[in-house]
Amino acid sequence: MNALRAIAIALLLTLAAGADAIVFEQRNFDDAAQLARYKTLIRELRCLVCQNQNLADSDADLAADLRREVHRMILEGKSDEDVIDFMVARYGDFVLYRPPLKAKTVLLWSGPFVLGLGALVLLLVNLRRRASERAANTPLSEEERARLHALLESDESQEKRRLG
Amino acid sequence: MIPELGNFALITALAVAIVQGFVPLLGAWRGVPEWMAIAVPAARAQFLFVLLAYACLTYAFISKDFSVAYVTQNANAELPLFYRISAVWGAHEGSILLWTLILAGWSLAVSLASRALPETFRARVLAIMGLVSIGFLLFMLMTSNPFVRLLPAPLNGRDLNPLLQDPGMVIHPPMLYMGYVGLAVPFAFAVAALMGGRLDAAWTRWTRPWTTVAWAFLTAGVALGSWWAYNELGWGGWWFWDPVENASFMPWLVATALMHSLAVTEQRGAFKAWTVLLAIFGFSLSLLGTFLVRSGVLVSVHAFATDPGRGIFILGFLALVIGGALALYAWRANAISGGGSFRLMSRETLLLINNVLLVVACATVLLGTMYPLIIDALGLGKISVGPPYFETVFAPLMLPLVFVLGMGPLTRWKGDSAQRLVPLLRIAFIVSLIAALAIVLLTAGYSALLLAALAMAFWTLATTAQGLLMRVRGKADVWKGLRALPRSFVGMSLAHMGVGIFIIGVAATTTFSNERDVRLAPGDSEELAGYRFEFAGVGTHDGPNYRAERGEIRVFRGDRQVTTMFPEKRLYPIQSQPMTEAAIDIGFTRDLYVALGDDLGDGSWTVRLYYKPFIRWIWLGPAFMALGGLLAASDRRYRRRRKARRALPEPAPGAALGAEASGA
Amino acid sequence: MIRYLLPLGVFVALVLLLGIGLGLNPREVPSPLVGKPLPEFTLARLRDPELSLSNTNLTGKLSLLNAWATWCVECRREHPVLLAIAGEGNIPIYGLNYKDQRPDALQWLQRLGDPYTASAFDGDGRVGIDLGVYGLPETFLIDERGFIVHKHIGAISTKIWESEFVPIIERLQSGGG
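Chains as they are written, first to last, in the working numbering: chain G, 89 to 252; chain H, 6 to 669; chain Y, 216 to 392.
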């Protein structure tokens, strides 16, 4: 019976997390630019109590509170960095969906480009090497062909003379 | 009774799978034909038993047998039949059973369609698939048995998660699993080739259609997931770079590379080691996806109820299967590698670049998905990696990829020249740029991203059209000429066009989407993107297993009424919070999307309106791709009956000098 | 040969990483405030709203700050442990009543016992956000300087108290000046 209770609770928790009553709040801003900034910021900030959702999509209480804070800060004239600093000071880097560039994320941000460029360079170097190897086995040029022909002919005439 | 029968069927299937997995391999090793011959009947028997188990579980759902714990957790008496049947794969245990069934199905298909394969090879392929089946059957019987009884049986079950009560649920998982699991076939082919120490043109000809079909299913599965999320989750998004989504995207990227690598191996005998490695990678990523969804290692909206114990089992299984395959690769790859030669400027090179870019893209997604775990495991704290990262990093990789996509089909095998190619591609290049520029100017969508994306899309469409035109040029009847083209070529063209269509959809939606949250009282209107949305109020409506508040919104364009939309807020008995069911007006060039927010008490409601231009193209593109894939796989040359069972000789190094290859 | 071993090597590294991952909790978010001073706040008290409780009340001595609410199931579970800790009298516990209703909170304490020296009433959760609260219950250990030296997320059991908090408390009480 205990196991079933555990399963039931786990299921209920996952369901509660997935229930998607859209919560949209009417937020008033001074101008369209502020609204645009708000929309971007709440997409880049993570809801800490959800299963991988941003503040924009989440209907959790904490998400609503944090959206309220973002709204307040924008109206107070704070910059995007200020808002991000505010969140990070309280919740750490976990709250950012765009990982900040730090020593520990250098590999993350540079990895794809280094990998991509490196792979392509390696590829081209490899292909060039194969091409130059093949240059050693290229078909004969006109002049070389004539020489071969002449050699073979002289061999043939020698053979004929020998055999008789 | 029935659940016990199902359980018994699983146990029997496991026994058969053990026979299927080991006996033919021993037979191939020892050269005993009787043991090898067991593979085919074993595969067929295994399928029958797994099918029986699946049928028993489905029956339990249909007959509302709440004495089965899994049924109780995922259905209730009011759940419509349609969803009771799809609820079978609604949670962990049932979806693993579906996985196993589809794997057995693919094994069956291989056993039926492989008469032309040499005995040893066929035995090995089916055995390898049998070994994988053993893992899944064991997993089910040991940790995730769907037939566990719940006694005393409750009178009613909980319910299927309302998010899953949607047509998308019915079709997305089966399609996705067909693709995921289908990659086991090229995997088995590759490992069998390594075991035999030989990889020739015949091998490639057998492997290619299986891979293409699995790829087509995977394409459809991923696209359906995106479509379903858009329909169901209520905020107009279609891709979230969520770990589980990434877990389905990575095998797709590798499968695409594999498909193209097989093309080269079939035509020119090159890239053999590459092909084998990609086949192993593809299936590894499928298994990795299975692990990620069920182990709790990563946080995701899509994750099943997680259990580290299950995670350990899957990880162990993954390590064994893939570790074994890669160890075999390290040992034997030398024996099978080596192949045709080609110049720097050639179709081979372009395909190689294509594959490198796809693998790098896959590695990028893997890096981003795993990075939070890496940082945590190293004790460096917690970070999140989300859409802002993936979007920034992924797009630049696509640019060269799409360029190569356009160039490839028009470039000759083995060697080509800039002299020939530049005039050929010049027109398409200029046309693409001009068309993209024109659209950017006309729509005032001044964004470098939009320009680049449109140019890429038009490039793919223009070069594909050019490829087709070149083939039918000079023919009196163009239609007849097109229909006479080999299916593989038409399939490829369709698929490449699909890429362009997809990019247009993404570019248009990303740049020109518009949304608005408004408060509307009955009679109020709101304008958005040239449409007028008139709110007619909210009434109640009852569904089979829910109660809903249903709003009515009339949409006008100018004076003409375009449509009426009925967004709902549904309350399922199992939930405490209502679920939003958005109303979507589907159009070829745009979607209108309306969702109800909150009841403000005085008859007015907050409503969200979306205008989403060209969003259907995001799924139309993959539809073209999947269709193209299926068409290509049905090409005549794969269906030709071969009289001799002998493998065909390798193309001699100089044989194709100067000859222009036909087909893709 | 190395070329062919590379994929296996990468794979082994991946499996090791995933194995380690199975033992980690990806949903737990450690607080960046540990090692920093307790953020400034001033709130009305739960019992006597005319009086206030602020961060300065938690300096000068070792203390605990426990975020709780009547709607939080886990808080209910840890309550007896908190009563026991308060009973020992070694270290005062201050409460942060987070996003709750005053009458409900008072009734709860009446019914179950009040381990708190004083509780602050954070109705809209603003102070909770400043403290980085995201999932109740959360307990902060604050030293004499007013710095947060430890934070525990989740219910405190006797075992957790003894293994996590007691060692730190003993170290601070003996070593610190």
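Just so you know, even glycine gets a beta-carbon here, dropped at the ideal spot from N, CA and C.
Residue i at chain H interface by Cβ criterion, 8 Å
i, result
"residue 169 of chain G", "no"
"residue 252 of chain G", "Any answer about residue 252 of chain G is weak, because its pLDDT of 48 lies below 50 and its placement is not dependable; what the coordinates show is given next. False, the Cβ-Cβ gap to chain H never drops below 8 Å."
"residue 129 of chain G", "no"
"residue 164 of chain G", "no"
"residue 141 of chain G", "yes"
"residue 145 of chain G", "yes"
Residue i at chain G interface by Cβ criterion, 8 Å
i, result
"residue 302 of chain Y", "no"
"residue 369 of chain Y", "no"
"residue 610 of chain H", "no"
"residue 340 of chain Y", "yes"
"residue 116 of chain H", "no"
"residue 235 of chain Y", "no"
"residue 373 of chain H", "yes"
"residue 345 of chain Y", "yes"
"residue 616 of chain H", "no"
Rounded separation between residue i and residue j - CA only
i, j, result
"residue 647 of chain H", "residue 486 of chain H", "Note that residue 647 of chain H scores a pLDDT of 49, beneath 50, so its modelled location is shaky and nothing firm can be said."
"residue 105 of chain H", "residue 111 of chain H", "10 Å"
"residue 340 of chain Y", "residue 313 of chain Y", "6 Å"
"residue 378 of chain Y", "residue 249 of chain Y", "18 Å"
"residue 83 of chain H", "residue 154 of chain H", "21 Å"
"residue 305 of chain H", "residue 245 of chain H", "10 Å"
"residue 102 of chain G", "residue 310 of chain H", "Only weak support exists for where residue 102 of chain G lies, its pLDDT of 31 falling under 50; the value from the coordinates is given anyway. Spanning the two alpha carbons is a distance of roughly 8 Å."
"residue 253 of chain H", "residue 616 of chain H", "28 Å"
"residue 394 of chain H", "residue 185 of chain G", "7 Å"
"residue 313 of chain H", "residue 301 of chain H", "7 Å"
"residue 609 of chain H", "residue 531 of chain H", "13 Å"
"residue 657 of chain H", "residue 237 of chain G", "The pLDDT assigned to residue 657 of chain H is 44, lower than 50, so where the model puts this residue is not dependable; a value taken from the coordinates is nonetheless given after this. Their backbone Cα atoms lie some 25 Å apart in a straight line."
"residue 290 of chain Y", "residue 283 of chain Y", "6 Å"
"residue 623 of chain H", "residue 516 of chain H", "14 Å"
"residue 159 of chain H", "residue 152 of chain H", "16 Å"
"residue 582 of chain H", "residue 171 of chain H", "18 Å"
"residue 407 of chain H", "residue 503 of chain H", "12 Å"
"residue 254 of chain Y", "residue 561 of chain H", "54 Å"
Three-way DSSP call (helix, strand, coil) for residue i in this model
i, result
"residue 349 of chain Y", "coil"
"residue 388 of chain Y", "helix"
"residue 566 of chain H", "strand"
"residue 302 of chain Y", "helix"
"residue 134 of chain G", "strand"
"residue 536 of chain H", "strand"
"residue 158 of chain H", "coil"
"residue 365 of chain H", "helix"
"residue 43 of chain H", "coil"
"residue 507 of chain H", "helix"
"residue 527 of chain H", "coil"
Residue i at chain Y interface by Cβ criterion, 8 Å
i, result
"residue 182 of chain H", "no"
"residue 95 of chain G", "Residue placement at residue 95 of chain G is flagged as unreliable, the pLDDT there being 42, under the threshold of 50; the coordinate-derived value follows with that caveat. No, no contact with chain Y."
"residue 133 of chain H", "no"
"residue 320 of chain H", "yes"
"residue 361 of chain H", "no"
"residue 304 of chain H", "yes"
"residue 179 of chain G", "yes"
"residue 335 of chain H", "yes"
> Which runs of the beta strand (DSSP E), 3 residues or longer, sit entirely within the region 430-455 of chain H?
Replying inline: none
>> Please give me, in chain order, every unbroken run of the alpha helix (DSSP H) with length at least 4 that falls completely inside the region 172-225 of chain G.
In response: 194-223
> Are at least three pairs of beta-carbons, each pair with one atom in the region 487-497 of chain H and one in the region 635-644 of chain H, less than 8 Å apart?
Replying inline: yes
> Do the region 266-275 of chain H and the region 364-380 of chain H make contact, defined as three or more Cβ pairs closer than 8 Å?
Replying inline: Segments in contact, no.
> Where in the region 246-298 of chain Y do unbroken runs of the beta strand (DSSP E), each at least 3 residues long, occur, reported from the N-terminal end onward?
Replying inline: 257-259, 267-269, 278-283
>> Does the region 461-469 of chain H come into contact with the region 504-516 of chain H, if we say contact requires no fewer than three beta-carbon pairs (one atom in each stretch) closer than 8 Å?
In response: yes
>> Ignoring anything shorter than 4 residues, give me the alpha helix (DSSP H) runs that lie fully in the region 62-116 of chain H, in order along the chain.
In response: 74-79, 86-91
> Counting Cβ pairs, one atom from each stretch, are 3 or more of them under 8 Å apart for the region 162-178 of chain H and the region 213-224 of chain H?
Replying inline: no
>> Tell me whether the region 113-133 of chain H and the region 42-53 of chain H touch, counting them as touching only if at least three CB pairs, one residue from each stretch, are closer than 8 Å.
In response: yes
> For the 8 Å Cβ check, are there 3 or more pairs between the region 176-188 of chain H and the region 351-358 of chain H?
Replying inline: no
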